[in-house]
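Throughout, the numbering used here is defined as the position within the sequence shown, counted from one, plus 7.
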Amino acid sequence: MAAASSTTRSVMQNLVRRFYDDIWNKFDTSPELIDAVISPKVTFRGTLEHSTTDREGFKRYVGEIQDSFPDFYQRIDNMWVDGDTCIARMNWSGTHARDFRGYKATGGKFEYPGVGIFKIQNDRIVDVWACGDTHAMFKVISPSK
C-alpha cells in the first residue's frame, strides 16, 4: 500500500512540476504537453483575475501572460500532497515588457509569493487555484496608483 501512495504522490508532484516548468516557464502549450498534463475539462482560476473551464481558455491566458511578461517565471519552493490535492508554495516573477489589460508597459521587474492548489484525477490536472500576493506586481505595473 505504501508504494502505491508513493507513486501517486510522485505522479502528482511531477504533473505540477510540468505545469510550471514546461507549460509556464517555457510557454509550451503544445497539444502533446497540454494533453499529458491537463484534463480537457480543467477549471483554472488565476491570481490575475482570470478563470476558464477548458484547455483552450487556459492556453489563451498563457499566451496573454507571455505577451505582456515574456520572462514570466514561476518557481516552486515546496510541494505537499494530500489525497487528490497537491499544493505548491510558489514565487512568481517577471518584467512588465508590454501592455497588460489597460496597464501601459513600464519595463519594471516584480516578484511575489503565492500558492497553487491542484486537484488531480486520472493522472491529469482537473482544477487549479493560483493565489498570489500580487501587490508587489501591481505597484510596478501601475506606479501612479
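C-beta atoms are modelled at their ideal positions from N, C-alpha and C, and glycine is treated no differently.
From residue i to residue j, what does the alpha carbon distance come to, in whole angstroms?
| i | j | result |
| --- | --- | --- |
| Asp61 | Val135 | 12 angstroms |
| Asp29 | Leu40 | 8 angstroms |
| His103 | Gly139 | 17 angstroms |
| Met97 | Phe125 | 13 angstroms |
| Leu22 | Asp106 | 31 angstroms |
| Thr113 | Gly101 | 12 angstroms |
| Tyr27 | Met144 | 19 angstroms |
| Glu71 | Phe79 | 11 angstroms |
| Thr15 | Lys146 | 40 angstroms |
| Gln73 | Ser17 | 29 angstroms |
| Pro150 | Asn129 | 44 angstroms |
| Arg67 | Ile83 | 23 angstroms |
Please look up how many angstroms separate the CB atoms of residue i and residue j, rounded, as I've assumed it's under 8 angstroms.
| i | j | result |
| --- | --- | --- |
| Thr54 | Gly121 | 6 angstroms |
| Ile127 | Met19 | 5 angstroms |
| Val44 | Arg25 | 5 angstroms |
Opposite residue i in the DSSP bridges: which residues?
| i | result |
| --- | --- |
| Arg24 | Note: Arg24 sits in no beta bridge, so no partner. |
| Trp136 | Arg52 and Ile124 |
| Gly114 | In DSSP, Gly114 forms no bridge with anything. |
| Phe107 | Tyr110 |
| Arg131 | Gln128 |
Buried or exposed for residue i, going by 16 or more other Cβ atoms inside 10 Å?
| i | result |
| --- | --- |
| Gln81 | buried |
| Ser37 | exposed |
| Ser75 | buried |
| Ala137 | buried |
| Gly109 | exposed |
| Ser46 | buried |
| Ala95 | buried |
| Trp87 | exposed |
| Gly90 | exposed |
Determine, using beta carbons only, whether residue i comes closer than 8 angstroms to chain D.
| i | result |
| --- | --- |
| Asp42 | This model lacks chain D altogether, as it is built from one protein chain only. |
Next item on the list: Please specify which runs of the alpha helix (DSSP H), each continuous and at least 4 residues long, are wholly inside the stretch 38-103, giving them in chain order.
Entry: 38-44 and 62-75
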